[in-house]
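First residue of the sequence shown? That's 1 in the numbering used here, and the numbers climb one at a time after it. Note that the Cβ used here is the ideal one computed from N, Cα and C, for glycine as well. Read the structure below first, then the notes.
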Amino acid sequence: MTPLTSGTAGALSGRLRVPGDKSLSHRALILGALAVGRTRVNGLLEGDDVLRTAAAMRMFGAEIAREADGRWCIDGVGIGGLAEPADVLDLGNSGTGARLLMGVAASHPITTFFTGDASLRRRPMARVVEPLTQLGARIVARDGGRLPLLVEGALAPIPITYRLPVPSAQVKSAVLLAGLNAPGETTVIEPQPTRDHTERMLRHFGGEVTVADDGGVRRVRLKGQPELRGADLAISGDPSSAAFPLVAALLLPGSEVVIEGVGVNPLRTGLFETLQEMGAAFAITNERIDGGEPVADITVHAGPLTGIDVPAERAPRMIDEYPILAVAAAFARGTTRMHGLAELRVKESDRLAAIAEGLAACGAKVAIAGDMLAVEGTGVRPPGGAAIASKLDHRIAMAFLVLGMAARAPTRIDDGDTIATSFPGFVPLMNGLGAKITAAER
Ligand code: S3P
């Protein structure tokens, strides 16, 4: 554990790129490994979560190597061609890695054992066990559907139609990935749309996916047993990582920061919309499409924020951004009410509790009512000065380091190591903009 302190900073300035998108990076490795032929990936996130997925795909038989120029090269085994891993797959902190790979394993005639770190072993897997069992897999999990668990893949997988009981791109993707090795058509029905990276990337690799809007309900159909072909791919900057320098720049008077090459898939941009409604000054320019995903540059200027109501319908489009939004709300004038946050209870930590406890310790006024979080800002910088437990949760760690940059007194987190999950290089990058984040006394 490396404790870190974030001291009050002055205006931030600079141009930067954030590391590659975590969701896209997992999917690139998985689909590259399921394709026939070679895939080259530019800009892959080299964070711990994604490296675990790379290691897992190697254990399934794919050849995966980092080349001297930083690109990742994957030689796939083809759908149906996975080998049985000779050891337990340890997905570390990664819910996405665990759930997507359970989907992959479920429709191959192999037995795969899964485990993860203390945070991942607490997270619910029943949400993927249920549809994958319908598809024909046998899954034995610990009490409450938790890791470690084993997946005995179906010999003859059945294509299913599955309606998501919770809005989760991980569950949707697990079903679609399993459906790749089932004959016929696999369908996922989404009452609330979630990030569609799997659908887009499947098309990039030659898969057939159609999406229809059935009166506000999304119906995703996948044609089974396609031949995916290896394809080159560029991974855009992760909007969930860009959120941290972006909010820091908003909060520190006089700041101007440009973040280049950020993913702006409309199913990921809920935070940007919310901050704009709160009065944030930033511009999204140079929009383009890369590898089937929209990408843009973001220029942000510091400015005052006003509290607003964030509707529950928006939650799936900004599900990872509530820790940093809540920090921004603590600096706003007026109350920000964030609705529909039940899913935050089952992230890398119980984020609803972690946010509320951390903000209260930093002197902000905060309340939880059911699945709603209210943060009452006074327009005056909160005191800060607290020691925050990051609870094996990278986004809690980064959010409170950003709070420390703009609060009246420095904030300390107990464990900066967890940041490497999604944002390797976070500390030097933020310090390069003007932050004062240093190693703290143990
Ligand atoms: C992800 C989906 C989301 C998100 C996670 C990444 C993905 O999880 O929180 O960081 O890549 O599909 P849920 O599917 O549990 O909402």
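Cβ neighbour criterion (16 or more within 10 Å) applied to residue i
i, result
"residue 120", "buried"
"residue 90", "buried"
"residue 428", "exposed"
"residue 275", "buried"
"residue 378", "exposed"
"residue 1", "exposed"
"residue 370", "exposed"
"residue 49", "buried"
"residue 300", "buried"
"residue 238", "buried"
"residue 30", "buried"
"residue 286", "exposed"
"residue 438", "exposed"
"residue 418", "buried"
"residue 416", "buried"
"residue 323", "buried"
"residue 111", "exposed"
"residue 444", "Residue coverage of the chain in this structure runs from 1 to 442, which leaves residue 444 outside it and unanswerable."
"residue 92", "buried"
"residue 15", "exposed"
"residue 64", "buried"
"residue 368", "exposed"
Under 9 Å between C-beta atoms of residue i and residue j
i, j, result
"residue 317", "residue 193", "yes"
"residue 171", "residue 145", "no"
"residue 210", "residue 177", "no"
"residue 6", "residue 401", "yes"
"residue 80", "residue 422", "no"
"residue 77", "residue 114", "no"
"residue 405", "residue 292", "no"
"residue 244", "residue 420", "no"
"residue 207", "residue 38", "no"
"residue 302", "residue 252", "yes"
"residue 9", "residue 435", "yes"
Which of helix, strand or coil DSSP assigns to residue i
i, result
"residue 437", "strand"
"residue 77", "coil"
"residue 264", "coil"
"residue 140", "strand"
"residue 128", "helix"
"residue 308", "coil"
"residue 8", "coil"
"residue 186", "strand"
"residue 235", "coil"
"residue 172", "helix"
"residue 19", "coil"
"residue 400", "helix"
"residue 329", "helix"
"residue 272", "helix"
"residue 301", "strand"
"residue 13", "strand"
"residue 158", "coil"
"residue 217", "strand"
"residue 258", "strand"
"residue 102", "helix"
"residue 425", "coil"
"residue 442", "coil"
"residue 346", "helix"
"residue 416", "coil"
"residue 3", "coil"
"residue 321", "helix"
Endpoints, the beta strand (DSSP E) within which residue i is located
i, result
"residue 241", "Run containing residue 241: none in the beta strand (DSSP E); it sits in the alpha helix (DSSP H), 239–251."
"residue 161", "161–163"
"residue 211", "209–214"
Sheet register partners of residue i (DSSP bridge)
i, result
"residue 368", "373"
"residue 152", "111, 138"
"residue 89", "114"
"residue 294", "289"
"residue 64", "74"
"residue 181", "None, per the DSSP bridge assignment."
"residue 42", "234"
"residue 284", "298"
"residue 334", "377"
"residue 36", "229"
"residue 146", "142"
Residue i, enclosing alpha helix (DSSP H) - first and last residue
i, result
"residue 384", "Taken as a continuous stretch (DSSP letters only), residue 384 belongs to no alpha helix (DSSP H), as it is neither H nor E."
"residue 226", "Here residue 226 belongs to no alpha helix (DSSP H), and DSSP marks it neither H nor E."
"residue 412", "Premise fails: residue 412 lies in the beta strand (DSSP E), 411–413, not in any alpha helix (DSSP H)."
"residue 358", "351–361"
"residue 51", "48–59"
"residue 198", "197–204"
Check each residue's C-beta against every heavy atom of the ligand ADP and list, in chain order, those closer than 5 Å. Among the ligands in the structure shown, the ligand ADP does not appear; only the ligand S3P can be found there.
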